[in-house]
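Asker:
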Amino acid sequence: MKNLCVTFRARSKSFLLFMRKHFQILEELKRNEEFIRSAYFEVYLIFRYLFPFLCIAYIPFAILDWRDFSRDYTNLPLVIYNSIFLPGCLLFTILLNFPILRHDFKTRKWITIAATTFLTFSGTAMNLIIFKFGTDLSLFAFTQLGIAVLLRYPDKTKTLIYMLNYAVFLFCMFYLDLASSFLVQNFSFMLIMTVLMDRISFLTKVNSFHKEQSIRELNRKLVMESAKKSEILRIAIHDLKSPVTGILSLVGLYTREPSPVLSSNRPSKSYVEPPEVLDHIDRTSRKILESIEDILYLASSSLESETIEGGNQTLNPELLLRSVASNLEFLFSSKHIRIEDELSGYPFSFYANPQMLYRVFDNILSNAAKFSPLGSRILLSSKLMETKEDNVLLIYIEDSGPGFQPQDEKDMFREFSILSAKPTGSESSSGIGLALAKKLLDRMGIRIRLSNSDRTEGAQVLLEFPQSKAK
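Quick look at the structure:
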């Protein structure tokens, strides 16, 4: 019993705190212009769907009433009601769904208020008309309770409308001498339920709007934080370019430094052969610069809007791939990796940006070398697939590394994601190569697929070039 009392007190306190919180939110939102517009627009949308349905659904009943009236003239009030209700539903259908009037906020507000008034008094009138067939409050209750639950007004407008309906209905009950004890009890209970449902409905609107506002504010902060981090990333990486460029300049000055060599009686100039270590410094610095450019490209907010059409030209993807492989010979030779060229040499034309495609091939081949062991091979091959719609050039780049694991599938093209494979040398992996390649290929209309190779037992990259892209 003691535990029950403790639980009851805790639940009661929680409920009171909950109600207090929502009434505080209500006070905050009462004069919020955005909340008022949102609430009225919601009611407006409900009526846009409701009135066409009412107009169509009520036609069969109106026809039956007209048929009965043609046989017996006693139900004239019902026919008059139908002659007002149906045109009213049609009028509101037109006003709500066809922009005869200018649909600004004020227009929408007054249309929704008029529609609510029309609908509630229609329910009241219908119930009063059928009173002579039996003292039943179902239509009146259905209309008032439905309005209280369905329409979530931000002010007292709806309350005033249904209170007027209750006043009219109560007056008619006494005027028609139908105010029995049973009927008054039901009427009073319906009034209490309507007020309660009205408040509950409104509180749910307040709560949902408050949550939407919180989510929008959180999204705004996330966007600002993301933009700030991107800006910091761009600045930091951009600042890294200066020292790397300085290293390249110093290496270049040394390798181009004139060295006097005496021959006969006058000096001549030759150039010092750069030591192997300087050659490696030069190449490594250039790779660092390329990585910096890749990260800047990914971090740039203008990636989606950037156009690459200006630099597009007709090219042969196989020839470009061979050129990239040749330029990366120093990288392959450092790990004693051999390139096996099985490219078919098709006279295939593709319309794309050569610099972008070069960057893609460079990223893929650099990754292949990075994850391949010493003394292994990288296989380049291609084939032309002819279909009814188009000819597609398939280019395969297969390495001898560990390949892809099942857990890698979801992160293959995600920026800065590190997959299961590890570099076989002292190389670093930033996880941006495949993400950048995918973005560039998507822009050029080239499809990329990743899988494991049956021939080299490593990773396989398949690029599909549709000939329809050639111009």
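Number 306 in UniProt numbering belongs to position 306 of the sequence shown; there are no gaps in the numbering. Positions of the beta carbon are idealized from the N, C-alpha and C atoms, including for glycine.
1. Excluding the 5 residues preceding and the 5 following L54 in the sequence, name in chain order all residues of the same chain whose CB lies nearer than 7 Å to its CB.
2. When DSSP labels each residue in this structure, what does K205 get in the three-state scheme?
3. Considering Cα atoms alone, identify which of D390, Y396, L374 is closest to R322.
4. Report the three-state DSSP secondary structure of Q423 (helix, strand or coil).
5. For the structure I just gave you, are there three or more beta carbon pairs, one from the segment 9-19 and one from the segment 175-184, closer than 8 Å?
6. I need the straight-line Cα distance from S451 to A421, nearest angstrom please.
7. From V223 to R216, what distance separates their C-alpha atoms?
8. Exposed or buried, F350, counting other C-beta atoms within 10 Å across all chains shown (16 or more means buried)?
9. Among residues of its own chain, excluding the 5 on either side of S305, which ones have a beta-carbon nearer than 8 Å to its beta-carbon?
10. Buried or exposed: where does M385 fall if 16 or more other Cβ atoms within 10 Å of its Cβ makes it buried?
11. Evaluate N75 with the Cβ neighbour count: other Cβ atoms within 10 Å of its Cβ, from every protein chain shown; 16 or more gives buried, anything less gives exposed.
12. Determine whether the beta carbon atoms of A369 and L331 lie at a separation below 7 Å.
13. Note the first and the last residue of the continuous alpha helix (DSSP H) segment covering T93.
14. Which of the three DSSP states, helix, strand or coil, is assigned to P317?
15. Considering Q355, what are the terminal residues of the alpha helix (DSSP H) in which it resides?
16. Quick check: is any heavy atom of the ligand COA less than 6 Å from the C-beta of Y166?
17. Let me check understanding here. Comparing Cα to Cα, which of Q467, S468, L441 lies closest to V461?
18. Mind checking whether S382 and T456 have CB atoms under 7 Å apart?
19. Going by other Cβ atoms of all chains shown within 10 Å of its Cβ, with 16 needed for buried, is L151 buried or exposed?
20. Would you identify the three-state DSSP class for R322, choosing helix, strand or coil?
21. What are the boundary residues of the alpha helix (DSSP H) that K438 is part of?
22. Reducing DSSP to helix, strand and coil, say where A57 ends up.
23. Would you mind reading off the limits of the beta strand (DSSP E) that contains S382?
24. Use the C-beta contact count for D198: other C-beta atoms within 10 angstroms, 16 or more gives buried, fewer gives exposed.
25. Just to confirm, is the Cβ distance from A167 to M173 under 7 Å?
26. To the nearest whole angstrom, what separates the beta carbons of N312 and N353, a pair I think is in contact under 8 Å?
27. Go ahead and pull the three-state DSSP assignment for D136.
28. Does the segment 202-222 come close enough to the segment 152-160 to have 3 or more Cβ pairs within less than 8 Å?
29. Enumerate in chain order the residues of its own chain whose CB-to-CB distance from G458 is below 6 Å, with the five nearest sequence positions on each side excluded.
Answerer: On the basis of the data shown:
1. C89
2. helix
3. Y396
4. Per the sequence shown, residue 423 should be read as Pro rather than Gln. Three-state result, P423: coil.
5. no
6. 13 Å
7. 10 Å
8. buried
9. Since pLDDT at S305 reaches only 41, below the 50 mark, its modelled position is unreliable, and the value read off the structure follows with that caveat. Cβ within range, chain order: n/a, list empty.
10. Exposed.
11. buried
12. Yes.
13. From DSSP, the alpha helix (DSSP H) with T93 extends over 76-97.
14. helix
15. Per DSSP, Q355 is one residue of the alpha helix (DSSP H) stretching across 354-371.
16. In terms of ligand content, the structure shown is empty, and the ligand COA therefore cannot be addressed.
17. Selected option, being the one with the closest Cα: L441.
18. no
19. buried
20. helix
21. 433-444 is the extent of the alpha helix (DSSP H) around K438.
22. Note: A57 maps to helix in three-state DSSP.
23. 377-386 is the extent of the beta strand (DSSP E) around S382.
24. Counting every other CB atom within 10 Å of its CB across the protein chains shown gives D198 a total of 16 or more, marking it as buried.
25. no
26. 5 Å
27. coil
28. yes
29. D399, S400, G401, G403
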